[in-house]
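Working notes, beginning with the structure itself.
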Amino acid sequence: MKKVFYAFPALVCLLGFISLNLSAQTEYRFTLKEALEFGYENNYDILSAYKDIEAAELQVKEYMAIGFPQVNAAINYTDYIALPTMIIPPGTFGPDDPGGEVQFGTKYNAAAEATASQLIFDGRYIVGVQASKRFLEKSKQQFIKNKLDMYVAVSASYYRVLVAEDTKRILDSTMQYMENILYETRITYEAGFVEETDVDQLELIVSDLEANIILSETQVVIAYAYLKFLCGIKIGDFITVTDELDDLLAQINYTALLEDPFNYENNIDYRLLMTQQLIAELQLKLEKSEYMPSLSAFINVQTQAQ
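Just remember that our numbering sits 4 ahead of the position in the sequence shown, which is counted from 1.
Encoded structure:
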């Protein structure tokens, strides 16, 4: 009885923890369009690319700030609690000098200093600003590419889920049909109207169907897990697709796809390569600008009060 007394609170806590986890789980029901919209806001690659844009924008501002006027000011205030003191012997400064203690310095001392500088010319600054802007452009292009890649990946994964579910439904229906045939064939065999090999062949077919059904169930689970990953859905949450495969296939305009002219200059991969080439050229210019002179102006003002 004593063991039960101590185990019961732990069991209650465990059940409460499981109940809390289940209540925290979310179930999503998505059409293909809704899955894409959710992925645009939660896909990890898209969120990472957006953060890269923010970092690139800050980098542009940082480089441009180098060319702005720089002003530095400082104020120093000193309070000597005990001034340096020296004992002067009598007669040091003449026969009538009585000597005594002499303090050096002042008790309070304040100093102010201001320095202003302005970059007039620096080849590294000019190239650096250009390179930072190109890097920002590259980050924005990468963001667009990630969105396009996510569109393709989520769409393909959504179709893969539908195909996996349809495959499983077909296998389940076929399994039910073959089990009925096997049952009837066994009865017919027992009555002596068919050979035993006929029963064996049907049993082999049913066994293969069972293995394929298990495989199809695994494929459904994997397809759903990959779709959740692409959409940025937590592992413990659930997702259900609501579109039908036939309806989605009927919406595809194959003629428009064939008639749409291809312009490689609009391709995001081509644009990314061109931007990377420009960044590489600017990097070369930056290396050359290291040997160029730079010109800056400075002004310094100081004042002191005692």
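Note that the Cβ used here is the ideal one computed from N, Cα and C, for glycine as well.
When rounded, the separation of the alpha-carbon atoms in LYS151 and PRO73 is 40 Å. Check the Cα spacing between LYS65 and each of TYR193, GLY236, LEU140, ASP241: the tightest is with LEU140.
The criterion of a C-beta distance shorter than 9 Å is satisfied by THR178 and LEU213. DSSP places VAL165 inside the alpha helix (DSSP H), whose first and last residues are 127 to 194. Contact between ARG128 and LEU288 does not hold, since their C-beta atoms are separated by about 13 Å, which reaches or exceeds 8 Å. Just so you know, the alpha carbons of ASN47 and ARG33 end up roughly 17 Å apart. Excluding residues up to 5 positions away in sequence, nothing lies with its Cβ nearer than 6 Å to the Cβ of VAL167 in the same chain. Approximately 43 Å separates the beta-carbon atoms of ILE256 and ALA135; this is outside 8 Å, ruling out the contact.
Just measuring C-alpha positions, the residue of ALA309, LEU299, THR307, GLN306 sitting nearest GLY71 is LEU299.
In terms of Cα proximity to GLY43, the closest of GLU169, GLN180, ALA157, GLU188 is ALA157. In this structure SER52 is exposed. Its beta-carbon is surrounded by fewer than 16 other beta-carbon atoms within 10 angstroms. The three-state reading of DSSP puts TYR295 in coil, since its state is none of H, G, I, E or B. The C-beta separation of LEU36 from TYR162 comes to about 5 Å, placing the pair in contact by the 8 Å criterion.
Annotated three-state conformation of ILE50 is helix, per DSSP.
Within the same chain, TYR81, ALA309 come within 6 Å of ALA114 by CB-CB distance, once the 5 residues on both sides are set aside.
Between the alpha carbons of ASN267 and ARG275 lies a gap of roughly 12 Å. In the DSSP assignment, PHE34 falls within the unbroken beta strand (DSSP E) covering 31 to 34. When the beta-carbon positions are compared, VAL75 and ALA120 come within less than 9 Å of each other. A direct Cα-Cα distance of roughly 30 Å separates GLY236 from ASN216. In chain order, TYR163, LEU166, VAL167, ASP170 place their CB closer than 8 Å to the CB of LEU249, counting only its own chain and leaving out the 5 sequence neighbours on each side. In this structure, LYS142 keeps its C-beta atom at 9 Å or more from the C-beta atom of ALA59. Residues of the same chain with a CB within less than 7 Å of the CB of PHE125, apart from the 5 flanking positions on each side, are SER298, LEU299 in chain order. Distance from the Cα of TYR187 is smallest, within the candidate group THR279, LEU123, GLN205, for GLN205. Look at ASP83 here: in three-state DSSP terms it is strand.
One thing to note: LYS144 has its Cβ within 9 Å of the Cβ of ILE57.
Burial check for LEU219: the Cβ neighbour count within 10 Å stays below 16, so the residue is exposed. Within its own chain, the residues whose Cβ lies closer than 8 Å to the Cβ of VAL224, once the five positions on either side in sequence are excluded, are VAL165, ALA168, GLU169, LYS172, listed in chain order. Here DSSP, grouped into helix, strand and coil, assigns GLN74 to strand. ALA69 has its alpha-carbon roughly 16 Å from the corresponding atom of ALA301.
Residue burial annotation: VAL305 is exposed, with fewer than 16 other C-beta atoms found within 10 angstroms of its C-beta. About 13 Å separates the CB atoms of GLU183 and VAL203; that is not less than 8 Å, and the two are not in contact.
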